[in-house]
Amino acid sequence: MDNNATMSVRPGVLEAMLPFFREQFGNPSSVHWAGRAVNSAVETAREQVAALINCSPAELVFVSCGSEGNNFAIKGTAEALKEKGNHIVTTSVEHPAVLETCEYLETQGFEVTYLKVDKNGMLDLQELEEAITEQTILISVMWANNEIGNIYPIDKIGRLAKKYKVCFHSDSVQAVGKISVDVQQANLDLAVISGHKFGAPKGVGAIYIRRGTRLSRFMHGGHQERNRRAGTLNVTGIVGLGVACELAAKNLKQDAAKIARLRDKLEQGIFAAIPEVKLNGHPRQQLRLPNTLNVSFAYIEGESLLLNFDMKGIAVSSGSACTSGSLEPSHVMRAMCVDAVLAQSSIRFSLGTDNTEEDVDYVLQELPPIVQRLRKMSPLYNRDKL
Amino acid sequence: MDNNATMSVRPGVLEAMLPFFREQFGNPSSVHWAGRAVNSAVETAREQVAALINCSPAELVFVSCGSEGNNFAIKGTAEALKEKGNHIVTTSVEHPAVLETCEYLETQGFEVTYLKVDKNGMLDLQELEEAITEQTILISVMWANNEIGNIYPIDKIGRLAKKYKVCFHSDSVQAVGKISVDVQQANLDLAVISGHKFGAPKGVGAIYIRRGTRLSRFMHGGHQERNRRAGTLNVTGIVGLGVACELAAKNLKQDAAKIARLRDKLEQGIFAAIPEVKLNGHPRQQLRLPNTLNVSFAYIEGESLLLNFDMKGIAVSSGSACTSGSLEPSHVMRAMCVDAVLAQSSIRFSLGTDNTEEDVDYVLQELPPIVQRLRKMSPLYNRDKL
Amino acid sequence: MYTDKVMDHFSNPRNVGEIEDASGIGEVGDASCGDVMKIFIRVEGEIIKDAKFKTFGCGAAIATSSMVTEMSIGKSLDEALALTNEAVAEALDGLPPEKMGCSNLAADALHGAIKSYRESIV
Amino acid sequence: MYTDKVMDHFSNPRNVGEIEDASGIGEVGDASCGDVMKIFIRVEGEIIKDAKFKTFGCGAAIATSSMVTEMSIGKSLDEALALTNEAVAEALDGLPPEKMGCSNLAADALHGAIKSYRESIV
Ligand SMILES: Cc1ncc(COP(=O)(O)O)c(C=O)c1O
Ligand SMILES: Cc1ncc(COP(=O)(O)O)c(C=O)c1O
């Protein structure tokens with residue numbers, strides 16, 4: 016239940032990739048036979064990705080991960096448009112791939128507005144509109160948040176971007192493959208996808224670059240991807256990404272409905288069984304990714320809960336500082352002004368297509384005694400004193 | 016016979032990768048079970064890579080390709096040391112991943128010396144030494160050239176870099192896995208590897224960063240790779256890279272000897288059978304990669320030869336402008352002052368461990384009639400007039 | 005990530021709980037940073053006869069709390085004061101480097117408990 | 005990359021060679037840029053009775069040379085002058101975009117041959 020972190024490849028994906036490891040191993044940039052068959056497989060994959068997000072295949076460049084895509088989109092826009100302006104608008108709940116890239120650009124003379132969110136993790140669009148200045152060259156807002164699952168009103172933001180003629184980028188890594196993503200309807204100029212979040216292997220992603228968008232290169236070198244990204248293409252990964260996109264397109268509605276049902280059952284079950292649990296993210300389930308549930312179990316530190324789950328074979332992730340490897344708890348929790356202790360207590364359940372009703376029942380069975388045991392051990396929990 | 020472009024994965028590599036697509040799919044950055052097993056596989060791979068090039072595992076960062084590694088090494092050094100100086104020394108025969116990155120840095124206020132080569136494609140070390148100034152922050156010289164196979168005297172350049180206390184980087188993409196590469200002995204601070212050049216899959220590589228080397232981040236974002244490169248690790252690719260390194264280390268000497276024998280046979284066979292052929296690269300075979308042979312067939316344009324080979328099932332590559340997708344023939348040929356027409360006529364044979372004596376015999380059998388036919392068609396070839 | 009010993013002390017922590025009328029209580033950490041350890045000791049004649057803990061924290065925090073109570077029971081106060089956080093980590097066959105700082109404070113909590121005891125008997 | 009028709013004309017080029025005592029010869033391109041096309045025609049009564057070519061160049065250059073000779077034989081000189089490089093490419097079911105420039109000059113070479121013929125008969 017940690018599918019927002021990564022997931023296994025979907026059935027069918029690996030099978031499609033296998034021939035390209037040995038028999039069809041050519042370099043798609045080569046003219047000869049070994050290259051040609053491979054090139055056409057890459058172009059098929061490009062069409063599959065394009066179909067999922069409603070763009071033209073020529074508007075896609077394959078990259079190695081979501082982080083690369085976000086670096087490319089943001090640094091590439093900053094460099095291409097630096098004569099036009101030096102201001103970027105983004106949010107305080109972006110993934111580090113966006114946040115740290117923006118912070119880096121601040122050291123290079125750019126100015127960045129990090130929009131606040133409310134206690135449910137939502138943006139104020141009026142604040143966004145007011146943040147736009149003459150100098151604004153980029154608006155970058157994630158489509159859906161990886162920690163709390165909130166879905167942002169990308170279409171509305173796209174209309175604002177259009178109104179003020181500002182380039183609009185969305186880190187769509189958590190949305191693509193889980194909910195419907197239409198870059199045309201959203202008026203997006205740039206969007207980033209990462210394969211391993213929806214059934215493709217790790218190490219492959221794509222960036223959508225609307226035709227005509229000014230974007231400087233990030234990866235310099237060879238002529239691959241029509242001069243937009245150097246480096247021999249990760250052919251097997253790209254083939255896998257294509258198939259994962261096709262599967263996602265075909266099953267999106269049913270998968271989302273099935274997963275939302277499981278997630279809702281988990282959510283209700285937890286709140287019914289355990290007192291003093293706080294939901295992190297928007298209370299309306301439709302405003303969150305269908306698979307995501309983030310809750311804080313008061314009085315318990317997240318990692319200790321995670322490890323207990325782990326011993327029961329349940330994988331989740333935690334917003335506690337200890338888990339993230341940094342000293343501070345999740346920046347998303349901080350942005351939502353979640354009490355610092357409750358932030359340390361947060362656990363994210365993110366379901367996948369592999370999860371079943373039985374998995375949810377199992378979690379709901381194992382969770383209460385673990386929480387009880389850990390609360391009993393906690394010096395913050397005094398209720399058990401008679 | 017186009018193994019310098021890319022090759023299929025070596026036997027054993029795919030097998031090692033397979034479990035990590037589905038059963039062991041976790042995110043190596045995660046704390047829970049699904050992540051832990053994967054993390055230890057990644058660390059094993061890191062040790063395997065380290066053993067091949069003689070560094071410590073902690074000095075390696077996994078990247079997505081050779082191009083990324085070179086962008087990271089060169090831009091990262093430029094940014095980290097920009098207060099110290101603004102001058103870079105490199106060669107005119109580097110791969111575009113180095114050349115174009117340097118050209119980009121020239122637009123950012125850096126100065127770059129592109130060292131010339133002689134007609135055999137070799138460097139003048141005195142010229143290199145003289146090029147170093149107070150402002151020099153980086154020397155970047157490829158270990159071996161992808162087009163002509165020349166091996167550069169990295170150890171000697173390393174001594175110069177040490178003498179002048181300049182950071183030393185080598186694009187080692189074509190050397191690693193083909194000849195012995197020892198980053199300690201070569202005094203290297205940075206070196207780049209690309210897996211698909213020696214039996215790992217496409218889409219994975221590594222950069223060696225000597226402990227203590229000052230290098231700015233290239234990919235901003237998450238804390239992966241001890242904060243040195245953001246992005247979810249390409250686990251299957253990394254596992255494959257590790258195994259390919261282990262296989263390379265085990266078989267390096269025998270493979271190189273076997274391949275050199277085939278290459279030498281091909282070389283002698285071509286020169287014996289066909290008049291007016293020119294060798295591109297160093298005439299001493301030991302000064303070239305054991306697998307590489309680059310020759311110009313006078314009066315014939317490279318692509319037409321390549322396509323004819325292709326129809327016979329023989330994959331080679333060509334330095335002709337038509338093949339590279341650019342309008343100019345290979346920059347390496349130009350740097351060697353190869354006659355422009357002969358540059359258009361160049362063909363690179365690059366053998367792999369899969370090639371056999373029969374393959375060479377087959378090429379030697381098919382080559383002469385193809386050359387004869389194309390020469391007869393060529394307006395430049397007048398000798399057939401009686 | 006964690007050693008088997010850490011996982012053992014984490015999943016079967018020894019001496020969880022409080023001591024009523026404890027001789028001394030020590031507390032370290034800050035919940036908003038993710039770790040609070042509270043250690044209770046019962047002292048008889050300069051010897052720690054019993055020790056218990058309550059901890060809010062990660063795996064390392066819980067395991068070190070458990071270990072420090074185990075290590076301290078039966079020791080004299082001076083011996084217990086000589087126990088360091090590093091010694092506790094070592095007894096657990098080591099901790100991940102990133103946990104050596106904030107989550108490895110159990111010995112400090114024990115020392116706090118001893119101090120509070122000593123102060124109370126003056 | 006190339007269409008089947010291109011590959012057919014490339015691997016079985018029609019009309020390779022020279023015409024002794026040709027009525028006209030046209031040549032375009034530059035060997036150092038990778039393409040030289042030389043076209044020979046035999047003209048009788050304003051009609052192209054025969055055409056041959058010699059080409060140094062890539063697959064597209066050879067295929068367009070072959071195609072242009074095929075297309076011109078039997079045509080009047082004026083009809084042949086109306087042949088464009090684009091028409092030749094079209095007759096081959098198209099060329100890759102990067103080949104439309106330098107390697108698609110066979111019609112120009114044909115026009116050159118016609119021009120040299122006309123100049124010779126004034
Ligand atoms: C010498 C050299 N450097 C760098 C590269 C780039 O490697 P990759 O294609 O993995 O980005 C190549 C391969 O084309 C190469 O031959
Ligand atoms: C919202 C979001 N953006 C970007 C990324 C980065 O993707 P990757 O790990 O493929 O670089 C992630 C995944 O961690 C994510 O959840």
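Protein chains in written order, with our numbering: chain A, 16 to 401; chain B, 16 to 401; chain C, 5 to 126; chain D, 5 to 126. Every residue, glycine too, gets a C-beta built ideally from N, C-alpha and C.
- At least one CB atom of chain A sits nearer than 8 angstroms to the CB of P17(C).
- For V188(B), the distance from the CB to the nearest heavy atom of ligand 1 is below 7 angstroms.
- Non-local beta-carbon contacts of M22(A) in its own chain, meaning distances under 6 angstroms to residues more than five positions away in sequence, involve G367 in chain order.
- The continuous alpha helix (DSSP H) containing N85(B) extends over residues 81 to 95.
- The C-alpha of T228(A) lies about 34 angstroms from the C-alpha of L153(B).
- Non-local beta-carbon contacts of E149(B) in its own chain, meaning distances under 8 angstroms to residues more than five positions away in sequence, involve G100 in chain order.
- A86(D) counts as exposed, since fewer than 16 other beta carbons sit within 10 angstroms of its beta carbon.
- Its chain contains M41, L109, D112, A113 as the residues whose beta carbon lies nearer than 6 angstroms to that of V32(C), once the 5 sequence neighbours on both sides are disregarded; these appear in chain order.
- Any Cβ of chain A closer than 8 angstroms to the Cβ of A245(B) would place that residue at the interface, and such an atom is present.
- Residue range 182 to 186 is occupied by the beta strand (DSSP E) that includes D186(B).
- In summary, the residues of the stretch 40 to 60 of chain C whose CB is separated from some CB of chain A by less than 9 angstroms are V40, M41, K42, F57, K58, T59, F60, in the order they occur in the chain.
- Take the alpha-carbon of R18(D) and the one of I362(B): they are about 26 angstroms apart.
- Secondary structure in the stretch 260 to 329 of chain B: the beta strand (DSSP E) runs of 3 residues or longer, each lying completely within the stretch, are 292 to 295, 307 to 312 in chain order.
- For E318(A), the residues of chain C that pass the 7 angstroms Cβ criterion are C62, G63, in the order they occur in the chain.
- Beyond the five residues adjoining it in sequence on each side, K265(A) comes within less than 8 angstroms, by CB distance, of no other residue in the same chain.
- By the CB criterion at 8 angstroms, N295(A) and R278(A) fall outside the cutoff.
- Residues A65, R226 of the same chain have their beta carbon placed closer than 8 angstroms to that of S71(B), with the five preceding and five following residues left out of the count.
- M41(D) sits in a strand when the DSSP states are folded into three classes.
- The beta carbon of H297(B) is closer than 7 angstroms to those of N135, G136, M137, N165, R303 in its chain, skipping five residues each way along the sequence.
- Contact residues of the stretch 286 to 311 of chain B toward chain D are absent (C-beta to C-beta distance below 9 angstroms).
- Residue state for K177(B) is assigned as helix, using DSSP reduced to three classes.
- In terms of beta-carbon proximity, A355(A) lines the interface with chain C, with at least one pair separated by less than 8 angstroms.
- For the stretch 242 to 276 of chain A, the beta-carbon criterion of a distance under 7 angstroms to any beta-carbon of chain B is satisfied by A245, G246, T247, L248, N249, V250, T251, G252.
- It is roughly 13 angstroms from the alpha-carbon of P383(B) to the alpha-carbon of L281(B).
- Collapsing the DSSP output to three states places Y6(C) in coil.
- The stretch 36 to 43 of chain B and the stretch 233 to 253 of chain B touch, with three or more beta-carbon pairs separated by less than 8 angstroms.
- For M157(A), the CB falls within less than 7 angstroms of some heavy atom of ligand 2.
- The continuous beta strand (DSSP E) containing R363(A) extends over residues 361 to 365.
- Annotation for A201(A) indicates a beta carbon at 7 angstroms or more from all heavy atoms of ligand 2.
- Secondary structure in the stretch 96 to 136 of chain B: the beta strand (DSSP E) runs of 3 residues or longer, each lying completely within the stretch, are 102 to 106, 126 to 130 in chain order.
- When Cβ-Cβ separations below 8 angstroms define contact, R349(A) makes no contact with chain B.
- Collapsing the DSSP output to three states places Y377(A) in a helix.
- With a cut-off of 8 angstroms on Cβ pairs, the stretch 17 to 31 of chain A is not in contact with the stretch 380 to 396 of chain A, counting fewer than three such pairs.
- The three-state reading of DSSP puts K53(C) in strand, counting E and B together.
- Beta-bridge pairing by DSSP links L153(B) to I103(B), C182(B).
- In terms of Cα proximity to Y314(B), the closest of C352(B), N242(B), V356(B) is V356(B).
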